[in-house]
């Protein structure tokens, strides 16, 4: 793939290990592992919140392209 005359590469999607078990407690539950859900979970966790991220399929590989904001 070329971008304005520069050669670029794509990183392959990596499988993320998941657990079928939900935590006993969480400060925040984020539904959806698209770009918005992942970043929300990330920044909430950085602020010290205990976050549970719930996604029906693969993280970052399902509906991210359909988020119209």
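Residue numbers (this note's numbering): 168 to 236. Beta carbons: idealized from backbone N, C-alpha and C, even for Gly.
7 Å Cβ cutoff met for residue i and residue j
i: residue 208; j: residue 220; result: yes
Contact belief for residue i with residue j at Cβ below 8 Å, rounded distance in angstroms
i: residue 199; j: residue 222; result: 6 Å
i: residue 204; j: residue 197; result: 5 Å
Per-residue DSSP class, three states only, for residue i
i: residue 213; result: helix
i: residue 198; result: strand
i: residue 193; result: coil
Cα-Cα separation, residue i to residue j
i: residue 190; j: residue 177; result: 34 Å
i: residue 192; j: residue 225; result: 23 Å
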